[in-house]
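Notes follow once the structure below has been shown.
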Amino acid sequence: MILALACLLLSPQASSSTKVLIPAASRTCPEDLRVVQLEANAVLNLRAKPNGEILNQLAPGQVVFVDRYDRTSTWAKIVLSDSTGARRENRRGWVLNQYLVNGTGCPNSLG
Numbered sequence: 006m007i008l009a010l011a012c013l014l015l016s017p018q019a020s021s022s023t024k025v026l027i028p029a030a031s032r033t034c035p036e037d038l039r040v041v042q043l044e045a046n047a048v049l050n051l052r053a054k055p056n057g058e059i060l061n062q063l064a065p066g067q068v069v070f071v072d073r074y075d076r077t078s079t080w081a082k083i084v085l086s087d088s089t090g091a092r093r094e095n096r097r098g099w100v101l102n103q104y105l106v107n108g109t110g111c112p113n114s115l116g
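Residue 6 is where the sequence shown starts when you use the working numbering, and the numbers rise one by one after that.
Here it is in structure tokens:
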């Protein structure tokens, strides 16, 4: 039997009814896990390099993993997650860091 863990992620500016349920592959949420925070109908451009060619668009609530930041921390190089919350190493790009928020409420253990 496979147990699926989930992290309940709440953005600091989200209302109490705005919740994103994210499956996690481990007992704790990775420190590099972030959530895209945007208005409901907005998208965040995933770029080949800071301010470069647009590769894809990310939706509000999408989970990503931050690999590193540029020198000014304006841009974050990210890895997208799959439907299980695992890193998709072949899906990388740059996004504006201001639209990423830390996830909170992740359990430290199964208890």
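Cβ coordinates follow ideal geometry from the N, Cα and C atoms, glycine included.
On a predicted model such as this, the values are computed, not experimentally measured, just so you know.
Return the CA-CA distance between residue i and residue j, expressed in angstroms with no decimal places.
{"i": "residue 88", "j": "residue 67", "result": "10 Å"}
{"i": "residue 46", "j": "residue 103", "result": "17 Å"}
{"i": "residue 70", "j": "residue 92", "result": "7 Å"}
{"i": "residue 73", "j": "residue 107", "result": "15 Å"}
{"i": "residue 2", "j": "residue 100", "result": "Since the first and last residues shown for the chain are 6 and 116, residue 2 lies out of range."}
{"i": "residue 31", "j": "residue 94", "result": "Low local confidence applies: a pLDDT of 42 at residue 31 is under 50, so the model's placement there is unreliable, with the coordinate-based value given in what follows. Taking the straight line from one Cα to the other gives about 17 Å."}
{"i": "residue 35", "j": "residue 96", "result": "18 Å"}
Could you check which residue in the options has the C-alpha nearest to that of residue i?
{"i": "residue 37", "options": "62, 103, 96 and 81", "result": "81"}
{"i": "residue 39", "options": "46, 59, 60 and 84", "result": "84"}
{"i": "residue 79", "options": "105, 62, 48 and 46", "result": "105"}
{"i": "residue 55", "options": "91, 64, 47 and 76", "result": "76"}
{"i": "residue 44", "options": "35, 58, 65 and 57", "result": "65"}
Are the CB atoms of residue j and residue i within a distance shorter than 8 Å?
{"i": "residue 49", "j": "residue 60", "result": "no"}
{"i": "residue 2", "j": "residue 51", "result": "The structure shown does not extend to residue 2, since the chain is modelled only from 6 through 116, so no value can be given for it."}
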